[in-house]
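Residue numbers (our numbering): 61 to 379.
Glycine is no exception: its CB is placed at the ideal position from the N, C-alpha and C atoms.
Please read these numbers as outputs of a predicted model, since none were measured by experiment.
What follows is one structure encoded as structure tokens, with my remarks underneath.
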Amino acid sequence: MTPPEVARTSTEPAWLERWLWIVASACLLMIVVGGVVRLTHSGLSMTDWRPVTGVFPPLTEAAWQAEFSAYQLTPEYKKVNAGMSLAEFRSIFWPEFIHRVLGRVVGLVVAIPLLFGLVRGLFPTPVRLHVVGIGLLFLAQGVMGWLMVKSGLVDDPKVSPYRLALHLALALALFAWCLWLIFERRWSAIPNQIDRRTRELGSALLATVITQILLGALVAGHRAGHASDTFPFMHRQLIPHGLGADEPWILNLVDNPLTVHFEHRWFAFIVFALSLTLYLRLRQVSAPALLRTAATALLHMLSLQILLGIATILTHVPV
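Right, dumping it as structure tokens:
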């Protein structure tokens, strides 16, 4: 059965939903490219932030040498990549450059329709608050990206795990905000077709998924994936020695690489259990077909994600 669509208000621009889809898709693309930057260790290859002139790559050998010379002054070059050639530098420069240019392109995609709609008075008040919020959140996301990079241009050549997690969290919030507005317009009647307990279960699952993603960001930021290369045991123990060893104890939850790895490893199964529970619940209460299909897809994706996580551990975090 096709879910009912919500009729737009007469004061809402017809292109609003298409714009939200484009922004959401662009956010997802930015997250994927950001992941590539992280995996290729490219994030600290550009040492400054030029919002306007930074859209042009080095076009001459002298320009490339200037970029490389600036990178050679950084702690990452001196402590991690000493002796790197110009050709090797180019291989880490391009992913970060593409990520930044893509951010500017997405910024225009966000800003131009937003400003056009505001100047022409096309948005009713509730919608106006949402779209302005999306614009401000995108701006905050860009600033946080630079603050994250800046945190790695110091004696310890790695970005702050907390700024990395916040950078990802802002991107996810922007993506989710767009989807929320889209779903309100297309499928707003569906929540009223399921009972309160099922909605609460869905909310709990969403909270655990967000938590697990942010734990993954902390694992990446602390390079905690290398804390153990065996599964299910860590250092031949199910609960390894060293969990909670730091003082004060509470900081272990986010600052101890072994503890963060342990949390991310096993919290995945809590997420999976909640997803399975929701999957079964939606069939029990005869929920709309769209929700059942979404729950099935989510369960399959979580299964694949867990298998990928285990494979990453057993292959010693190859990237």
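Assign residue i to buried or exposed, taking buried as 16 or more other Cβ atoms, counted over all protein chains shown, within 10 Å of its Cβ.
i	result
I373	buried
E307	exposed
R296	exposed
T319	buried
P8	The chain is shown only over 61 to 379; residue 8 falls outside these bounds and no answer can be derived.
W79	buried
G95	exposed
Which value, in whole angstroms, describes the spacing of the CA atoms of residue i and residue j?
i	j	result
L89	W81	12 Å
L350	A130	53 Å
A86	L168	11 Å
P111	L199	12 Å
I425	L362	Any property of residue 425 remains undetermined from this structure, which presents the chain solely from 61 to 379.
A236	R257	22 Å
G212	G103	9 Å
S151	L76	39 Å
Q253	A347	7 Å
Q365	A122	44 Å
S288	V377	10 Å
F183	K210	37 Å
Report yes if the C-beta of residue i is less than 6 Å from at least one heavy atom of the ligand MN; otherwise report no.
i	result
P378	Absence of the ligand MN from the depicted structure is noted, as is the absence of any ligand whatsoever, leaving it without description.
Can you tell me whether residue i is helix, strand or coil according to DSSP?
i	result
M208	helix
M90	helix
M294	strand
T375	coil
W154	helix
P348	coil
K218	coil
I299	coil
T120	coil
M144	coil
E244	helix
E127	helix
What distance in whole Å lies between the Cβ atoms of residue j and residue i, which are believed to be in contact at a cut-off of 8 Å?
i	j	result
A225	L189	With a Cβ gap of about 27 Å, A225 and L189 do not count as contacting.
V192	M208	Wrong, their Cβ atoms sit about 25 Å apart, outside the cutoff.
A231	I91	5 Å
I194	V83	7 Å
Which residue comes first and which comes last in the alpha helix (DSSP H) that contains residue i?
i	result
F393	Limits of the chain in this structure are 61 at one end and 379 at the other, which puts residue 393 out of reach.
E72	Careful: E72 lies outside any alpha helix (DSSP H) and carries neither H nor E.
V269	256-282
P251	From DSSP, P251 is part of no alpha helix (DSSP H); its letter is neither H nor E.
P12	Lying outside 61 to 379, the shown extent of the chain, residue 12 is not represented and no answer is given.
P135	135-139
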